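For the record, the sequence lines run as chains A and B. Mapping to this note's numbering: the first sequence position 38 is 38, numbers consecutive. Plus 111 on top of the position in the second sequence (first one is 1) and you've got this note's numbering. Positions of the beta carbon are idealized from the N, C-alpha and C atoms, including for glycine. Quick caveat: nothing in here was measured; it's all calculated off a predicted structure.
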Amino acid sequence: ELKVEQNPLFLSMQEGKNYTIYCNYSTTSDRLYWYRQDPGKSLESLFVLLSNGAVKQEGRLMASLDTKARLSTLHITAAVHDLSATYFCAVVLNRDDKIIFGKGTRLHILP
Amino acid sequence: DAGVIQSPRHEVTEMGQEVTLRCKPISGHNSLFWYRQTMMRGLELLIYFNNNVPIDDSGMPEDRFSAKMPNASFSTLKIQPSEPRDSAVYFCASSLSGGSPLHFGNGTRLTVT
Numbered sequence: 001e002l003k004v005e006q007n008p009l010f011l012s013m014q015e016g017k018n019y020t021i022y023c024n025y026s027t028t029s030d031r032l033y034w035y036r037q038d039p040g041k042s043l044e045s046l047f048v049l050l051s052n053g054a055v056k057q058e059g060r061l062m063a064s065l066d067t068k069a070r071l072s073t074l075h076i077t078a079a080v081h082d083l084s085a086t087y088f089c090a091v092v093l094n095r096d097d098k099i100i101f102g103k104g105t106r107l108h109i110l111p
Numbered sequence: 112d113a114g115v116i117q118s119p120r121h122e123v124t125e126m127g128q129e130v131t132l133r134c135k136p137i138s139g140h141n142s143l144f145w146y147r148q149t150m151m152r153g154l155e156l157l158i159y160f161n162n163n164v165p166i167d168d169s170g171m172p173e174d175r176f177s178a179k180m181p182n183a184s185f186s187t188l189k190i191q192p193s194e195p196r197d198s199a200v201y202f203c204a205s206s207l208s209g210g211s212p213l214h215f216g217n218g219t220r221l222t223v224t
């Protein structure tokens with residue numbers, strides 16, 4: 001059974017700081033997505049990582065994928081208050097395209 | 112592109128009643144997923160379809176839950192009878208299989224009293 005673990009589950013940080021969210025998964029996959037969810041809203045796609053070593057950047061967010069380590073990271077550079085949200089990673093099983101989400105990291109950035 | 116459309120947005124019902132949630136995926140997408148979100152359990156995959164065929168329903172909690180996809184543009188998730196522990200936000204999402212990300216609907220917030 002595929003397990004997807006994110007850490008930390010909750011993160012409170014000051015504006016201007018850097019931080020990294022980690023996503024570990026337990027079985028073979030070479031596709032991983034990152035999503036953002038604001039309170040009371042739906043999920044919005046941030047990044048699509050489709051191969052080992054993939055790196056994507058958008059503004060202050062950068063995501064990477066290491067399929068050998070079964071690890072993805074979402075790095076936040078010089079955080080701003082607008083990035084406060086819950087961030088989810090989602091792993092696609094190679095064998096059947098099943099998509100499993102981590103529990104999410106609730107990010108609170110203090111102004 | 113209207114996005115994934117779910118209805119209703121909110122549903123309040125009494126225990127024991129039947130509840131039907133509806134989803135219209137994005138035109139051309141061939142995969143459809145139903146998820147349930149709660150504070151305690153996060154986002155749980157209930158069932159997903161590929162080309163209208165159910166591929167994996169192992170996440171459906173019990174026999175009270177059923178899902179159908181009669182055609183490429185419509186899916187339903189039914190709970191009969193409903194129980195208070197079914198209260199959650201139910202999301203439908205669609206994608207093009209093969210590496211395309213999921214596009215989520217706005218969700219249905221279900222409250223069972």
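For this session: Identify each residue in the stretch 42-60 of chain A for which the Cβ-Cβ distance to at least one residue of chain B is less than 7 Å, and report them in chain order.
Result: S42, L43, S45, V48, L50
Exercise. For chain B, is any of its Cβ atoms less than 7 Å away from the one on K98(A)?
Worked result: For this step, residue 98(A) is matched to residue 98 along the first sequence. Judged by the 7 Å Cβ criterion, K98(A) is in contact with chain B.
For this session: Under 7 Å between beta-carbons, which chain A residues line up against S138(B)? List them in chain order, please.
Result: As a position in the second sequence, residue 138(B) is number 27, starting the count at 1. The premise fails here: S138(B) is roughly 18 Å from chain A at the closest Cβ pair, so nothing lies under 7 Å.
Exercise. Is the beta carbon of S29(A) less than 7 Å from the beta carbon of V91(A)?
Worked result: As a working note, residue 29(A) is residue 29 in the first sequence. As a working note, residue 91(A) is residue 91 in the first sequence. Yes.
Exercise. Contact check, F144(B) vs Y159(B) under 8 Å by CB: the rounded distance?
Worked result: Start at 1 with the first residue of the second sequence, and residue 144(B) comes out as number 33. Start at 1 with the first residue of the second sequence, and residue 159(B) comes out as number 48. About 4 Å separates the two Cβ atoms, so the contact holds.
Exercise. Which full runs of the beta strand (DSSP E) of 3+ residues lie inside the stretch 123-176 of chain B, going along the chain?
Worked result: 130-135, 142-149, 153-161, 164-167
Problem set entry | 8 Å contact criterion, which R95(A) and G210(B) should meet: CB distance rounded | Counting from one through the first sequence, the residue named residue 95(A) turns up at place 95. Counting from one through the second sequence, the residue named residue 210(B) turns up at place 99. R95(A) to G210(B), Cβ: 15 Å. No contact.
Exercise. Exposed or buried, T105(A), counting other C-beta atoms within 10 Å across all chains shown (16 or more means buried)?
Worked result: Within the first sequence, residue 105(A) is the residue found at index 105, counting from 1. Per the 10 Å Cβ criterion, buried.
For this session: Please compile the residues from chain A whose C-beta is within a distance smaller than 8 Å of the C-beta of L156(B).
Result: Numbered from 1 along the second sequence, position 45 holds the residue referred to as residue 156(B). What L156(B) touches in chain A: K98, I99, I100, F101.
Exercise. A183(B) to G16(A), Cα distance in whole Å?
Worked result: Sequence index remark: in the second sequence, residue 183(B) carries index 72 (1-based). Sequence index remark: in the first sequence, residue 16(A) carries index 16 (1-based). So the two alpha carbons sit approximately 46 Å from each other.
Exercise. Does the Cβ of G216(B) have 16 or more other Cβ atoms within 10 Å, making it buried, or fewer, making it exposed?
Worked result: For the purposes of this step, residue 216(B) is identified with residue 105 of the second sequence, where counting begins at 1. Classification of G216(B): buried, given that the 10 Å Cβ count is 16 or more.
Exercise. Which value, in whole angstroms, describes the spacing of the CA atoms of M126(B) and R152(B)?
Worked result: The residue labelled residue 126(B) in the question sits at position 15 within the second sequence. The residue labelled residue 152(B) in the question sits at position 41 within the second sequence. Roughly 21 Å between the two C-alpha positions.
Exercise. Measuring CA to CA, which of G102(A), I100(A), Y87(A) is closest to D38(A)?
Worked result: Taking the first residue of the first sequence as position 1, residue 38(A) is located at position 38. Closest option to D38(A), Cα to Cα, is Y87(A).
Exercise. With 7 Å set as the bound, which would you pick, yes or no: does the beta-carbon of S208(B) sit closer than that to a beta-carbon of chain A?
Worked result: Here the question's residue 208(B) lines up with position 97 in the second sequence. For S208(B), the answer is yes, since a Cβ of chain A falls inside 7 Å of its Cβ.
Exercise. Would the stretch 17-24 of chain A and the stretch 197-204 of chain B be scored as touching if the rule is three or more Cβ pairs under 8 Å?
Worked result: no
Exercise. Does DSSP put P195(B) in a helix, a strand or coil?
Worked result: As a first step, residue 195(B) must be located in the second sequence, where it is residue number 84. In this structure, P195(B) counts as helix in the three-state DSSP scheme.
Exercise. Excluding sequence positions up to five away, which residues of its chain have a Cβ less than 7 Å from the Cβ of L221(B)?
Worked result: In the second sequence, counting from the first residue as 1, residue 221(B) sits at position 110. Excluding sequence neighbours, L221(B) sits near E122, V130, D197, S198, A199, Y201.
Problem set entry | Counted within 10 angstroms of its Cβ, other Cβ atoms place G218(B) as buried (16 or more) or exposed | Along the second sequence, read from residue 1 onward, the residue named residue 218(B) stands at position 107. Its Cβ being crowded by 16 or more others within 10 Å, G218(B) is buried.
Exercise. For the putative contact between P212(B) and S206(B), defined by C-beta atoms under 8 Å, what is the C-beta separation to the nearest angstrom?
Worked result: Taking the first residue of the second sequence as 1, we reach residue 212(B) at position 101. Taking the first residue of the second sequence as 1, we reach residue 206(B) at position 95. So it is a contact: roughly 6 Å between Cβ atoms.
For this session: Note down, in chain order, every chain A residue with its Cβ under 8 Å from the Cβ of F202(B).
Result: Here residue 202(B) refers to the residue found at position 91 of the second sequence. Within chain A, the residues near F202(B) are S42, L43.
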